[in-house]
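**Student:** Heads up: the sequence shown begins at 1 in UniProt numbering, then just goes up one per residue.
Every residue, glycine too, gets a C-beta built ideally from N, C-alpha and C.
First the structure, which I've put down as structure tokens, then a few questions once you've had a look.
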Amino acid sequence: NRKALDDKIEEIINQPLPTDKPLWRIHLMPAAKGATDVQDCMFFRSHHTIGDGFSLVQVLEKTATNLDGSSITFTNPKEKKPLRLNPAAKLIYAVLYCVEWVRSALVFTLQNAKCFESEYGFNSSLSHRKGGLEYSGVRKSICFKPFSLEYVKAIKNKSPKKATVNDVLLGAMVGAMRRYGGDAVDDNTIMRMLIPVGAPLEFGANPPPEGDRLGNNWSFCSADLSKAISAKDSISRMLATDSSMSRIKRSLISPASMFVTNHIMPLVPAFFAKNSSRDLFARNSAVFSNVPGAQQPCCFGGKEVDLIYPIFLNLIDQVIVLSYNGKLMFNLTLDPNVVKDYDKFEGYYRDELLDMGRRLGVTDIEL
Numbered sequence: 001n002r003k004a005l006d007d008k009i010e011e012i013i014n015q016p017l018p019t020d021k022p023l024w025r026i027h028l029m030p031a032a033k034g035a036t037d038v039q040d041c042m043f044f045r046s047h048h049t050i051g052d053g054f055s056l057v058q059v060l061e062k063t064a065t066n067l068d069g070s071s072i073t074f075t076n077p078k079e080k081k082p083l084r085l086n087p088a089a090k091l092i093y094a095v096l097y098c099v100e101w102v103r104s105a106l107v108f109t110l111q112n113a114k115c116f117e118s119e120y121g122f123n124s125s126l127s128h129r130k131g132g133l134e135y136s137g138v139r140k141s142i143c144f145k146p147f148s149l150e151y152v153k154a155i156k157n158k159s160p161k162k163a164t165v166n167d168v169l170l171g172a173m174v175g176a177m178r179r180y181g182g183d184a185v186d187d188n189t190i191m192r193m194l195i196p197v198g199a200p201l202e203f204g205a206n207p208p209p210e211g212d213r214l215g216n217n218w219s220f221c222s223a224d225l226s227k228a229i230s231a232k233d234s235i236s237r238m239l240a241t242d243s244s245m246s247r248i249k250r251s252l253i254s255p256a257s258m259f260v261t262n263h264i265m266p267l268v269p270a271f272f273a274k275n276s277s278r279d280l281f282a283r284n285s286a287v288f289s290n291v292p293g294a295q296q297p298c299c300f301g302g303k304e305v306d307l308i309y310p311i312f313l314n315l316i317d318q319v320i321v322l323s324y325n326g327k328l329m330f331n332l333t334l335d336p337n338v339v340k341d342y343d344k345f346e347g348y349y350r351d352e353l354l355d356m357g358r359r360l361g362v363t364d365i366e367l
């Protein structure tokens, strides 16, 4: 049954990968013979050093197919249209771009100097975060019941201000955290989340062989969601979330952070890089990632895939939402010694989405 499957997956993910063997595994967990309403499960596990989401999606594209057996494409990044400016405008743009790039690089570099977050129940104690933020060695993986991508898009489309699917999903996460925190959340609560930003690897004129193109090319942006978690209703929380994300999008923090991560951090001593990463995690409640997937059913090993859940264990709570075939699969990994009432969190998240829908008049689509 599903509980037995979740327990088995949790057992697997809490065991370190052996370092004397290739840093990836495939676990096949077939449904019991004669059982009803159960499904086979294929669990692919790899170390993050092998590749990030952009890279590992290549593995899916090479192994999964459409229902008719044809090849499938999970992601299709949109190319940005080049700016067409006259010479004077190009010069002004270049100067402003450089100024903003330097400002964004400083913002990224100095984010570890920000004050620590408030204690509000969903994050670990302030003393733990100030004292080194050690990994407890155990994580709970929670796979939410799949919910409708169309429902989330309807909320986005009816939003009082322009919003994205990610704004709705992240705003609902903020609302669920507020519901979990209860009276511990007030107008003075400080809360942030880390948003991974990544891009396909660029190999230049001499790319490696096609079978050797996995790797990592990503960094973090810290989103200040203090106003969002302090907002009084679900729509206000979503709009405050959108405002925070829009500030990041309008800036050059994303490319600046990628540059610092890829070109500056490899030059500093290892202890400095480790301390810098730990300080960043200590000032954020969770990592939130929204990954687009195939919007049509696909097959793996000749069988149609019903659900796909990405799971990642991190130093702080980690959320990955994957869209597949019109559904959203939400996974949360957390420390059960910190988020002790973790069994309530899925209900809080769904309640937040349902409240958004009610307030915006989404009545013809079920969550």
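1. What's the gap between the Cα of CYS221 and the Cα of PHE108?
2. Which whole-angstrom value describes the C-beta separation of HIS47 and LEU17, a residue pair presumed to lie in contact below a C-beta threshold of 8 Å?
3. For VAL268, count neighbouring Cβ atoms within 10 angstroms of its own Cβ and tell me buried if that reaches 16, exposed if not.
4. With DSSP run on the structure shown, which of helix, strand or coil describes residue 381?
5. So what does PHE27 bridge to, in DSSP terms?
6. Shortest alpha-carbon distance to GLU61 belongs to which of LEU367, ALA294 and GLY215?
7. What is the residue span of the alpha helix (DSSP H) that MET258 lies within?
8. Can you grab the Cα-Cα spacing for the pair ALA4 / TYR349, in whole Å?
9. Which residue marks the beginning of the alpha helix (DSSP H) containing MET356, and which one marks its end?
10. Which of helix, strand or coil does DSSP assign to ASP20?
11. Look at ARG237 and GLY181 and say whether their C-beta atoms are less than 8 Å apart.
12. Does the region 129-142 come into contact with the region 198-206, if we say contact requires no fewer than three beta-carbon pairs (one atom in each stretch) closer than 8 Å?
13. Just to confirm the assignment: which complete beta strand (DSSP E) runs, minimum length 3, are found wholly within the region 130-189?
14. Does ASP37 pass the burial test, meaning 16 or more other C-beta atoms within 10 Å, or should it be called exposed?
15. Taking the Cβ atom as the reference point for each residue, do TYR120 and VAL185 lie within a distance shorter than 8 Å?
16. CB-CB under 7 Å to ALA223, same chain, minus the five flanking residues each way: which ones, in chain order?
17. Please say whether VAL338 and SER127 have beta carbons closer to each other than 8 Å?
18. Considering just the uninterrupted stretch of the alpha helix (DSSP H) at PRO87, what are its terminal residues?
19. From the DSSP output, which residues share a beta bridge with ALA286?
20. Check this for me: beta carbons of ALA64 and VAL291, under 8 Å apart or not?
21. With distances taken from CA atoms, which of VAL287, TRP218, VAL152 and VAL59 is nearest TRP24?
22. Taking the C-alpha atoms as reference points, what is the distance between ILE9 and SER254?
23. How should VAL152 be labelled, buried or exposed, when 16 other C-beta atoms within 10 angstroms of its C-beta is the threshold for buried?
**Tutor:** In this structure, then:
1. 7 Å
2. 6 Å
3. exposed
4. Residue 381 is absent from the structure shown; the chain starts at 1 and stops at 367.
5. According to the sequence displayed, residue 27 carries His and not Phe. PHE43.
6. ALA294
7. 253-259
8. 24 Å
9. 345-360
10. coil
11. no
12. no
13. 140-143
14. exposed
15. yes
16. ARG192, MET193, ILE195, SER244, MET245 and ILE248
17. no
18. 87-109
19. MET193 and ASP317
20. no
21. VAL59
22. 33 Å
23. buried
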